[in-house]
Amino acid sequence: MSFERAGNAPSRSDQTTVRRANLGVVLQQIAGGEPRSRARVAAETGLTRGTVSSLVGELIELDLLRETGEDQRSGRAGRPGLALEVSDRVVAVGLEVNVDYLAVCVEDLAGNVRYQKHVHADNRRSAFGPVLNRLARLARGAEKVIAAEGLISAGIAVALPGLVAAESGRLLRAPNLGWSDIPVADEVSSRLGGVPVRADNEANLAALAEHWQGVARGLDNFICVFAEVGVGAGIFIGGDLFRGSHGFGAELGHITVAPGGLPCQCGAVGCLETIVGQEAIARRAGICEDDKRRARNVTRELVRRAEQGDEAVIASVAEAGHALGIGLASAVNLFDVDAVVLGGCLGPLAPWLVADVREALGVRVLSAGWSGCEVLVSEFGEGAAVRGAAALTLRSVLAEPWLVAERSISVRERVS
Numbered sequence: 000m001s002f003e004r005a006g007n008a009p010s011r012s013d014q015t016t017v018r019r020a021n022l023g024v025v026l027q028q029i030a031g032g033e034p035r036s037r038a039r040v041a042a043e044t045g046l047t048r049g050t051v052s053s054l055v056g057e058l059i060e061l062d063l064l065r066e067t068g069e070d071q072r073s074g075r076a077g078r079p080g081l082a083l084e085v086s087d088r089v090v091a092v093g094l095e096v097n098v099d100y101l102a103v104c105v106e107d108l109a110g111n112v113r114y115q116k117h118v119h120a121d122n123r124r125s126a127f128g129p130v131l132n133r134l135a136r137l138a139r140g141a142e143k144v145i146a147a148e149g150l151i152s153a154g155i156a157v158a159l160p161g162l163v164a165a166e167s168g169r170l171l172r173a174p175n176l177g178w179s180d181i182p183v184a185d186e187v188s189s190r191l192g193g194v195p196v197r198a199d200n201e202a203n204l205a206a207l208a209e210h211w212q213g214v215a216r217g218l219d220n221f222i223c224v225f226a227e228v229g230v231g232a233g234i235f236i237g238g239d240l241f242r243g244s245h246g247f248g249a250e251l252g253h254i255t256v257a258p259g260g261l262p263c264q265c266g267a268v269g270c271l272e273t274i275v276g277q278e279a280i281a282r283r284a285g286i287c288e289d290d291k292r293r294a295r296n297v298t299r300e301l302v303r304r305a306e307q308g309d310e311a312v313i314a315s316v317a318e319a320g321h322a323l324g325i326g327l328a329s330a331v332n333l334f335d336v337d338a339v340v341l342g343g344c345l346g347p348l349a350p351w352l353v354a355d356v357r358e359a360l361g362v363r364v365l366s367a368g369w370s371g372c373e374v375l376v377s378e379f380g381e382g383a384a385v386r387g388a389a390a391l392t393l394r395s396v397l398a399e400p401w402l403v404a405e406r407s408i409s410v411r412e413r414v415s
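Structure (structure tokens):
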């Protein structure tokens, strides 16, 4: 689609707006597939070759595009054009606070992870201040790597386990952390010298990661379940993240599947989270607190025991799969999506629960005989949310490429 406009003597502000829109059109066109020539971009977007050539030059100067060689697929007579692809110099920093770990990830615009670190920590026993201090140290470590490799940082975002007001970056409530009304984005920003920071719900960002570079790439309608201690979901409808009227939609972990069941940290009883969360699975399997502390990573301990044929673990995981299937079936009946993605701890545990999820969907989804709903397993595991935090910034770069220079200067000057 072309954003060029006809007319007599457009104003300078109009020209700037149109040019910026066209920069995004060209960058997204190249980022969305294989390398292509300027001529091919012009043919696909409807922009003139001269306009595309000028825009490409600007995007190359911003280190967002690079020339890779001759394009042999143009189908045109004459000398082949130089192929263009997204540069790997522009990166974003993703951060994550979870109940039992902190994480950082640096990902480039081409989808490559350039740096990552995962630190075990029982954050339920800490006030938010010390936790965010540690998170800021992880961010500074990432920025040092970025500087050492000559990369360009486009921004920072944080994944959080709870209700998040994404526009302000405020964590409204995180039951499993015991935190309420914390301006996380501002707090992290202040620890990093004022660098702008964004924040969003972890499950939303996990879904974003799957849509950006994961198993849901190319899908417009899907549900991504992200389970650790808590259970959340991110829902894509029509290619966009569904948030609901107030931004708090898709709290799958707090739908009731067992009335009169176990109490949940949210204050209700019988929530899906009380059956599907990794600690709920471990508790039913007889894994005690001392065992969990020694294992440090509960999911890996569950997988290890399941692989060894531990019947209690296998039965507990299967129970989680059955409950998850029931919850997901209700969501699929509501939203009529093409697929569900199992992420977080559910990815590694998929061999022992995916059959139960598929069975429940087959029996309980009204349209199962006609439309079907594929069950996909994330390859990101518990790294999905932090990668989604990086993707949040990278997607904004594709939409507003002209802001890269301003953002990168801000991050380089203030983070040290």
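Take the sequence shown: its position 33, counted from the start at 1, is 32 in numbering that gives the first Met the number 0, and no numbers get skipped. Yeah, the Cβ is synthetic: ideal placement off N, Cα and C, and Gly gets one too.
From the options, residue whose alpha carbon lies closest to that of residue i
i	options	result
glutamate 381	Ala153, Leu61 and Val230	Val230
aspartate 335	Trp369, Val25 and Leu22	Trp369
alanine 389	Ala20, Pro182, Arg197 and Pro174	Arg197
isoleucine 145	Val130, Asp107 and Ala330	Asp107
alanine 398	Asn21, Asp13 and Gln14	Asn21
valine 89	Leu150, Gly49 and Leu134	Leu150
aspartate 121	Gln115, Arg113, Ala141 and Val130	Val130
leucine 137	Ala173, Asp185 and Gly93	Gly93
leucine 218	Asp239, Arg139 and Gly128	Asp239
alanine 164	Arg242, Ala232 and Ala109	Arg242
serine 167	Asp185, Ala206, Ile325 and Ala109	Asp185
glycine 192	Ile181, Asn132 and Ala205	Asn132
alanine 359	Val353, Ile325, Pro347 and Ala367	Ile325
valine 96	Ser377, Ile234 and Ala202	Ala202
histidine 210	Ala383, Ala281 and Asp13	Ala383
Between the CA atoms of residue j and residue i - distance to the nearest angstrom
i	j	result
leucine 449	glycine 343	Because the chain here runs from 0 to 415, residue 449 falls outside it and cannot be looked at.
serine 188	valine 194	5 Å
alanine 158	asparagine 296	19 Å
arginine 283	alanine 257	15 Å
valine 331	cysteine 372	8 Å
isoleucine 29	arginine 39	10 Å
leucine 305	arginine 299	Residue 305 is actually alanine in this sequence, not leucine. The alpha-carbon atoms of alanine 305 and arginine 299 are separated by roughly 10 Å.
glycine 260	alanine 322	12 Å
arginine 123	alanine 319	24 Å
tryptophan 351	glycine 276	15 Å
glycine 31	glutamine 212	11 Å
phenylalanine 265	proline 174	In the sequence as presented, phenylalanine is not what sits at residue 265; that position holds cysteine. If you take the alpha carbons of cysteine 265 and proline 174, they lie about 6 Å apart.
proline 400	serine 125	39 Å
valine 17	leucine 54	11 Å
cysteine 223	glycine 68	38 Å
arginine 293	valine 118	Reliability of the predicted coordinates at arginine 293 is poor, the pLDDT of 49 falling under 50, and the value obtained from them is presented with this limitation in mind. In a straight line, the C-alpha of arginine 293 is about 15 Å away from that of valine 118.
glycine 269	aspartate 309	26 Å
alanine 42	arginine 35	11 Å
Which of helix, strand or coil DSSP assigns to residue i
i	result
serine 214	Note on residue identity: the sequence assigns valine, not serine, to residue 214. Three-state result, valine 214: coil.
asparagine 203	helix
glycine 110	coil
glycine 326	helix
glycine 154	strand
isoleucine 234	strand
glycine 23	helix
isoleucine 286	coil
glutamate 95	strand
proline 400	helix
phenylalanine 247	coil
valine 316	helix
alanine 311	helix
isoleucine 254	coil
valine 90	strand
alanine 267	coil
aspartate 239	strand
leucine 191	coil
glutamate 148	coil
aspartate 227	According to the sequence displayed, residue 227 carries glutamate and not aspartate. In the structure shown, glutamate 227 sits in coil (DSSP, three-state: anything other than H, G, I, E or B).
Pair within 8 Å by beta-carbon distance, residue i and residue j
i	j	result
glycine 154	threonine 392	yes
alanine 208	arginine 386	yes
serine 86	leucine 64	yes
valine 98	valine 228	yes
glycine 285	alanine 311	yes
isoleucine 254	serine 329	yes
valine 340	phenylalanine 221	yes
threonine 273	cysteine 287	no
alanine 317	aspartate 355	yes
glutamate 66	leucine 46	no
phenylalanine 225	alanine 232	yes
valine 24	threonine 50	no
alanine 141	tyrosine 114	yes
Minimum Cβ-Cβ distance from residue i to chain D less than 8 Å
i	result
serine 329	Here there is only one protein chain, and chain D is not present.
TODO: Give, in chain order, every unbroken run of the beta strand (DSSP E) that is at least 3 residues long and sits entirely within the stretch 336-396.
DONE: 338-343 and 373-376
- [ ] Tell me the start and end of each unbroken beta strand (DSSP E) in the stretch 28-69 that is at least 3 residues and wholly inside, in chain order.
- [x] 64-69
Task: 4-residue-minimum alpha helix (DSSP H) runs that sit fully inside the stretch 109-143, ordered along the chain - done: none
Task: Contained beta strand (DSSP E) runs [length at least 3] in the stretch 152-186, N- to C-terminal order - done: 162-164, 169-173 and 178-181
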